[in-house]
Each structure stands twice: as C-alpha cells, then as structure tokens.
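Following: one structure in structure tokens, then a few remarks.
2 protein chains.
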Amino acid sequence: MANENSANPAAIRHLIEGELAIFLSAQKKYLESIGSELTPAADALSSFLLDGGKRLRPLFAYFGFIGAGGTHSQEVIRACASLELLQACALIHDDLMDGSDTRRGKPAIHKHFEKLHNQESAVGSSVGFGQSAAILLGDLALVYSDLALHQSGIKSDVLPQVLAVHDEMRIELMAGQFLDVYEQTRSSHTVERALTIARYKSGKYTIERPLHFGASLATTDKNLLVDVTSHYSSYGLPLGEAFQLRDDLLGVFGDPELTGKPAGDDLREGKRTVLVAMAQESMSSADIKEFESHFGKADLDSAGIEKLRSIITDSGAPMHVENLITELTNTAIQALDTPSIVEASRQVLSELAIIATKRNL
Amino acid sequence: MANENSANPAAIRHLIEGELAIFLSAQKKYLESIGSELTPAADALSSFLLDGGKRLRPLFAYFGFIGAGGTHSQEVIRACASLELLQACALIHDDLMDGSDTRRGKPAIHKHFEKLHNQESAVGSSVGFGQSAAILLGDLALVYSDLALHQSGIKSDVLPQVLAVHDEMRIELMAGQFLDVYEQTRSSHTVERALTIARYKSGKYTIERPLHFGASLATTDKNLLVDVTSHYSSYGLPLGEAFQLRDDLLGVFGDPELTGKPAGDDLREGKRTVLVAMAQESMSSADIKEFESHFGKADLDSAGIEKLRSIITDSGAPMHVENLITELTNTAIQALDTPSIVEASRQVLSELAIIATKRNL
C-alpha cells in the first residue's frame with residue numbers, strides 16, 4: 000500500500016486532504032471550546048482549505064522526501080500537509096492586500112466576512128470587519144501550519160533541520176510579498192526586478208523550498224542532504240520561474256472557469272508581473288501610454304481588458320513567455336537525470352513539472 | 000554573574016534587548032541580500048522592537064524558567080526574547096485593525112509606511128500601501144519569533160514541549176483577537192463576554208502562557224512540570240485579569256506621555272472593554288444613550304472624551320475596577336507562596352506583579 004501510494008500523486012493528494020480535514024476538525028472543536036462565536040472563523044478556514052487547491056507544495060515536499068530516500072508514513076503526510084496551511088495564510092493576506100475579491104470562484108475571506116456582517120446588519124463597518132477577519136484568519140492559518148508540523152509526529156532528530164528550512168521558506172515568502180507590494184508603488188519597472196519578486200514570492204516558495212523541506216524530513220546525513228538539495232535547486236528554480244510565468248499568463252488571458260478568478264484580474268489589479276514588464280519593453284510609446292491609462296483601474300470593463308490584452312499580445316511577450324516556459328520546464332526535467340534522486344520520485348517530479356506549468360492549470 | 004543576573008529583572012531585560020538587537024541586525028543583512036528595497040521594512044521592524052516596550056512576556060518566561068529550576072543561559076534568554084517578536088506581530092496587526100495610528104508616541108507601522116509613500120510621491124494609494132506593509136511586517140515578525148526560538152540553541156529534548164506551549168499560546172491569542180473584533184460588531188455586550196475576550200487576548204497570553212513557556216524550557220520531568228505550571232496558572236490567571244483591567248483604565252484615563260497613545264484612545268476606537276461593560280451595567284438609561292452617541296466616534300474631541308470619562312466615573316466602575324485589580328494582584332502574589340516555585344523567582348514574580356498592574360504603567 001505504502002509503496003503503491005508513494006509513486007502516485009493523486010493518491011498522495013487524497014491522503015494530504017484527509018489529514019487536513021482531520022486537523023481542521025480538531026481545531027474547530029478547540030476554537031468552539033473557547034467561544035461559539037468562533038464557529039464562522041473555523042468554518043471559513045475549513046472551507047477555504049478543503050474546497051479546492053492543487054496541493055502543489057505538499058506534493059513537492061512529499062516527493063522531495065521520497066526522492067531523498069524517505070519511506071512513506073502518515074507522519075510525513077501530515078508534515079507535508081502543513082504547507083497547505085501556510086499557503087492559506089499567504090492567499091488570504093494576498094487577496095486582502097490586492098483587493099482581490101474572488102478566490103476559486105467564491106468570495107475571498109475578507110469578502111466572505113464582509114457579507115456575513117451585512118447579512119447580520121451588525122454594528123460598524125462591514126468592510127473593516129471583513130479586513131480584520133482576513134488578517135486574523137491569515138495569522139491563525141500561519142500558526143496552524145506550525146502546529147500541524149509540530150504535531151505531525153516526525154522524528155525529533157530531523158525536527159531542527161526541518162524547522163530551519165521551513166523558517167527560511169517563510170521569510171523568503173514574506174520578503175517577496177513585500178517587494179511585490181513595493182514594486183506596485185514605483186513608476187518605472189524592469190524585467191529583472193519582476194523576476195526577483197517572482198522568484199521569492201512564488202517560485203522558490205512553491206517548488207524549491209518544499210523539495211528541500213521534504214529532503215530535510217528524509218535524512219540527517221549531511222552529505223546526502225547537500226547533494227540532493229542541490230539537485231532539487233537545479234530542478235526547482237527553473238521550474239519555479241516557469242510556474243510563475245504560467246501564472247502571469249493565466250492572470251491576463253486565463254479562463255475564469257479554470258482560474259477561479261474574474262477574467263483579466265491581474266490587469267484590473269495592475270500587477271507588475273514579468274509578463275507585463277516584458278511586454279512593456281517591446282511596446283511602442285503610444286501603446287505604453289494607452290496601456291498605462293487602463294492598467295490597474297479598479298473599474299476596468301471587458302472592453303478595457305480586451306484592449307490591454309491585445310496590446311500585450313502585439314508586444315510579442317506572450318509568445319516569448321510561452322517559449323521560456325517550455326525551455327525552463329525542459330531544463331528542470333533534465334535536472335532530474337541523476338542517481339542522487341530516487342527513481343520513483345524522478346518520474347513523479349517529471350509529471351508534476353508538467354502539471355505545474357500546463358496551460359489549463 | 001549568571002546568578003546575580005537571574006534574580007534581577009532589569010539586568011535580564013537588558014540581556015533580552017541585546018539579543019533582540021543582534022537577531023534583528025542579522026535579519027536586516029539577510030533581507031538586504033534579497034533586495035535593498037527591503038531596508039525600510041527591516042528598519043521599521045527594528046525601531047518598533049528596540050525603541051520601547053516593557054518586555055513583560057520575555058520576563059515572565061524567563062522567571063518562569065528560573066522558578067521551575069532552570070539555570071541561566073544565553074540560549075534561554077534568546078528563546079524568551081522571541082516572545083517579543085510575537086508581541087510585535089500582535090501589536091502591528093492590532094493597530095491596523097483598530098485604526099490606531101500611534102504606538103509609543105510614534106506613528107503605528109501602517110501610518111509609518113503611509114507617510115513614506117507620501118514623502119516619495121509614490122504611485123497608488125498611500126493608505127493601501129501602509130496597510131499592506133503592516134500586514135506583511137506583522138507576518139514577518141510572527142515568522143521571526145519562530146526563527147528566533149528555533150535558532151536560540153535550547154536543548155533538543157525540551158524543544159517539542161516548548162513548541163507545544165508556544166503554539167497553544169498563539170492560537171489563544173488569535174482566537175481572543177477574533178472574539179474582540181467580533182464583539183465590536185454586536186449591539187449588546189456583557190461583562191462576562193468582555194472578560195472572556197480579555198482573558199484570551201491579553202491575560203493568558205501576557206502572563207500565564209509565558210510562565211508555562213519558561214517552565215517547559217526548564218525541565219522534561221512531567222510531574223515537576225505539571226506541578227509548577229499549575230501554580231503558575233494560580234498566579235498568572237488572576238494577574239492577567241488585573242493587567243488587562245489596568246490596561247482598560249489606562250485606555251480611558253491614561254496620560255498620553257506614559258501610555259504613548261492619544262488621550263482616551265479606547266473611547267475613540269469604541270473598545271468594548273471589561274471596564275466599559277461594567278460601567279454600562281450601572282449607567283442610567285439617559286447616560287447609556289449619551290454614552291453610545293459619542294463612544295467609538297472617530298472624530299471624538301476632547302470635550303467628548305471628558306463627557307465619556309465623567310459618565311464612566313459616575314457609574315462607579317473605575318473604583319470597582321481599582322479594587323478588583325488590588326484583589327486579583329493580591330490573590331496572584333499569594334499563589335507564589337509555594338516551595339514548588341524556586342525562591343529567587345518568587346521574589347521577582349512578586350515584583351513583576353506590581354509592575355504589570357501599577358497605575359503609571
């Protein structure tokens with residue numbers, strides 16, 4: 000059973016979701032023992048975590064573990080599942096900061112609590128209540144990710160090195176988020192800066208660091224660890240970039256049915272992505288002027304979105320980005336060709352590379 | 000040296016601040032290695048943490064450690080200092096949620112970044128940038144508190160039990176904060192609910208849990224741990240309540256010079272404290288009407304503040320609260336009278352009880 004599972008990402012995803020459900024149900028009970036007013040908070044977090052998500056970070060962590068010679072266990076599934084709670088914090092706070100009101104086709108957390116406030120005709124500002132609830136639920140999800148990891152039952156000899164990778168990953172994430180927020184306040188932009196932001200905010204955090212996290216769960220042999228993590232970086236860094244570039248394309252051209260976000264959401268929010276920076280480098284000055292007059296306008300309508308899309312397409316950037324994604328994904332997959340990574344995991348990581356960067360993500 | 004220090008809260012506070020400064024300086028370097036745009040984030044966090052603060056939580060943790068039989072070490076100072084980073088997260092997010100623009104006589108973090116944005120005539124909304132920066136700096140401080148604890152060098156045999164206390168403390172804090180935010184949206188209030196919120200948001204988190212955290216650093220002997228933590232609860236729970244009641248009084252009547260917050264800040268923010276709930280229970284219906292017409296109004300002027308203060312004073316609640324503080328503090332100090340807590344620590348905890356609840360805090 001363990002061996003069958005350990006080479007099957009769909010089965011592992013299922014196990015991860017099972018552990019998340021058990022964890023959240025226990026936490027809901029605990030919150031309700033403090034006060035029944037916490038039920039909506041527990042429910043919102045459960046629904047946010049269980050009603051969707053590709054579980055990419057836990058999957059990379061798990062197959063990073065298997066690839067470094069680890070043997071399947073429930074404890075490791077739990078530890079890997081904890082990364083999904085960290086991701087919940089990142090998304091809840093990100094949606095609030097971006098003013099992004101939809102997530103997976105449903106109201107974002109701040110919008111959900113704003114609506115609850117309105118429905119109850121409660122005292123004070125609905126918007127303010129929604130914002131506060133989203134700040135606190137993000138904080139709670141961050142603490143839960145720690146708790147889930149600490150309670151997972153992983154061996155105490157690997158715990159310190161696992162915590163070290165986990166901390167580094169989270170600091171990189173917050174630093175990348177800060178750079179992103181700061182970049183939106185600048186009047187000029189470069190592809191290079193956009194790449195740095197994407198690398199920290201998303202690429203490393205989604206692929207390279209989860210693989211390292213998994214490896215650190217597998218062995219305390221320093222030489223083995225240094226060797227396998229360096230191969231994981233050779234795979235994870237280009238793949239992380241490709242993943243982010245696909246996200247950039249989906250944010251502009253993606254089908255709302257598949258992205259769970261409104262069409263052209265990144266254009267309305269004025270996200271300074273690598274795609275946008277590349278497009279701007281190749282635009283005529285007339286196009287730049289036209290572009291900047293619509294980009295980031297909260298009331299952007301579908302005609303405005305089409306206009307921006309066609310300017311971006313005309314710049315040639317989307318085709319260039321598609322080629323880059325293919326190239327980076329190939330580089331990543333080639334980096335798997337090493338005996339340092341256990342065979343069964345190499346096959347799955349090769350599949351996950353396609354899943355993380357495919358068009359209809 | 001160690002023995003002298005270990006019974007002197009001022010010396011311990013000094014050591015805690017030294018470790019915080021070293022930690023933050025190393026983290027600043029790391030952030031700047033990612034991007035120089037992160038310098039203002041690192042500086043703001045350093046200034047927030049180093050330019051003030053009573054270090055109550057680290058002090059209770061440290062003397063909880065000594066009281067449970069621990070021997071002074073730099074590693075333990077570092078572990079206790081990490082609680083100050085958690086407190087930074089709580090304050091930064093709290094100020095943002097409350098719209099409280101001043102902290103220790105200086106702009107709150109969201110206001111600080113709003114001002115930076117204005118000074119640079121940067122693109123987009125200054126208020127939005129300030130909010131996003133505060134969300135991310137709070138998140139970063141939360142992750143830093145983990146990192147500081149993990150890197151402290153405490154022994155690996157106590158690590159799992161320390162993490163367990165730490166997680167429980169943080170979940171209680173976030174739950175208390177959520178209850179508080181929710182309470183502000185209700186149209187009726189009770190003393191009982193206000194007490195529950197104060198207990199989770201502030202009382203347990205400031206005193207009882209830091210003591211437990213310290214005890215869990217000191218010994219892996221389960222019997223000893225159960226015994227000493229139960230005495231710490233007998234001391235910490237009433238003292239936590241007294242601490243919060245003092246905070247309620249200061250929020251209404253405190254001197255801005257001493258609180259670092261504008262006069263009557265809690266009245267302007269409409270904070271539903273235990274003091275306010277008690278006052279309302281004893282107000283005439285005319286006073287309740289008058290009170291509610293001013294309470295929580297953002298444009299409340301000094302005449303309005305005086306009006307609210309005199310209604311509260313007339314209710315008799317402040318005198319009742321003063322008596323309660325004295326009673327609870329005495330109960331706490333009496334609970335120290337046990338050989339289960341090491342003598343040197345009992346003396347200091349008795350002093351800290353006065354410091355945490357005195358009028359000119």
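Note that the protein sequences, when read in sequence, are chains Y and W.
Sequential numbering from 0 applies to the first sequence in numbering that gives the first Met the number 0.
Sequential numbering from 0 applies to the second sequence in numbering that gives the first Met the number 0.
Quick reminder that beta carbons are idealized off the backbone N, C-alpha and C, glycines included.
First through last residue of the alpha helix (DSSP H) which encompasses residue i
i	result
Ile-324(Y)	316 to 333
Met-173(W)	158 to 182
Glu-291(Y)	284 to 293
Arg-345(W)	342 to 356
Tyr-29(W)	8 to 33
Leu-216(W)	208 to 217
Ser-281(Y)	273 to 281
Pro-39(Y)	38 to 49
Residue i in three-state terms, based on DSSP
i	result
Arg-267(W)	helix
Lys-114(Y)	helix
Arg-54(W)	coil
Pro-106(W)	strand
Thr-312(Y)	helix
Thr-228(W)	helix
Thr-101(Y)	strand
Arg-185(W)	coil
Thr-337(W)	coil
Ala-121(Y)	coil
Ile-153(Y)	coil
Asp-233(W)	In the sequence as displayed, the identity of residue 233(W) is Ser instead of Asp. Reduced to three states, the DSSP call for Ser-233(W) is helix.
Thr-70(W)	coil
Asp-94(W)	helix
Asp-254(W)	coil
Cβ-Cβ distance between residue i and residue j below 8 Å
i	j	result
Gly-175(Y)	Glu-207(Y)	no
Met-173(W)	Leu-135(Y)	yes
Leu-244(Y)	Val-225(Y)	no
Ala-334(W)	His-188(W)	no
Val-320(Y)	Asp-264(Y)	no
Thr-330(W)	Pro-209(W)	no
Tyr-204(W)	Glu-171(W)	yes
Thr-312(W)	Thr-356(W)	no
Lys-410(W)	Thr-101(W)	In this structure chain W extends from 0 to 360, so residue 410(W) is not present and cannot be described.
Residue i at chain W interface by Cβ criterion, 8 Å
i	result
Glu-36(Y)	yes
Gly-123(Y)	yes
Tyr-181(Y)	yes
Thr-184(Y)	yes
Pro-57(Y)	no
Leu-360(Y)	Reliability fails at Leu-360(Y), whose pLDDT of 44 lies under 50, so the model's placement of it is uncertain and the value that follows must be treated cautiously. Not closer than 8 Å to any Cβ of chain W, the Cβ of Leu-360(Y) fails to qualify, so no.
Ala-174(Y)	yes
Asp-116(Y)	Checking the displayed sequence, the identity of residue 116(Y) turns out to be His instead of Asp. Chain W contact via Cβ: present.
Val-142(Y)	yes
Asn-7(Y)	no
Asp-138(Y)	yes
His-109(Y)	no
Ile-33(Y)	yes
Ile-311(Y)	no
Glu-16(Y)	no
Ile-287(Y)	no
Leu-146(Y)	yes
Any C-beta of chain Y under 8 Å from that of residue i
i	result
Arg-267(W)	no
Leu-19(W)	no
Thr-195(W)	yes
Glu-342(W)	no
Val-164(W)	no
His-92(W)	yes
Leu-82(W)	no
Residue of the options minimising C-alpha distance to residue i
i	options	result
Val-142(W)	Lys-28(W), Leu-82(W) and Arg-245(W)	Leu-82(W)
Asp-138(W)	Ala-87(W), Ser-301(W), Val-157(W) and Leu-348(W)	Ala-87(W)
Phe-22(Y)	Ser-124(Y), Gln-150(Y), Ile-65(Y) and Asn-117(Y)	Gln-150(Y)
Tyr-181(W)	Ala-217(Y), Leu-266(Y), Leu-162(Y) and Ala-133(Y)	Ala-133(Y)
Arg-77(W)	Ala-197(W), Leu-148(W) and Ala-276(W)	Leu-148(W)
Gly-253(Y)	Phe-62(Y), Pro-317(Y), Glu-342(Y) and Phe-112(Y)	Pro-317(Y)
Gly-127(W)	His-211(W), Ala-140(W) and Ile-108(W)	Ile-108(W)
Phe-290(W)	Ala-297(W), Leu-266(W) and Leu-257(W)	Leu-266(W)
Ala-193(Y)	Val-75(Y), Lys-270(Y) and Lys-105(Y)	Lys-270(Y)
Met-68(W)	Gly-315(W), Thr-228(W), Ile-324(W) and Arg-358(W)	It should be noted that the sequence gives Gly, not Met, for residue 68(W). Of the listed residues, the one whose Cα sits closest to Gly-68(W) is Thr-228(W).
Ser-72(W)	Ser-131(W), Leu-14(W) and Thr-258(W)	Leu-14(W)
Ser-201(W)	Leu-49(W), Asp-179(W) and Thr-219(W)	Asp-179(W)
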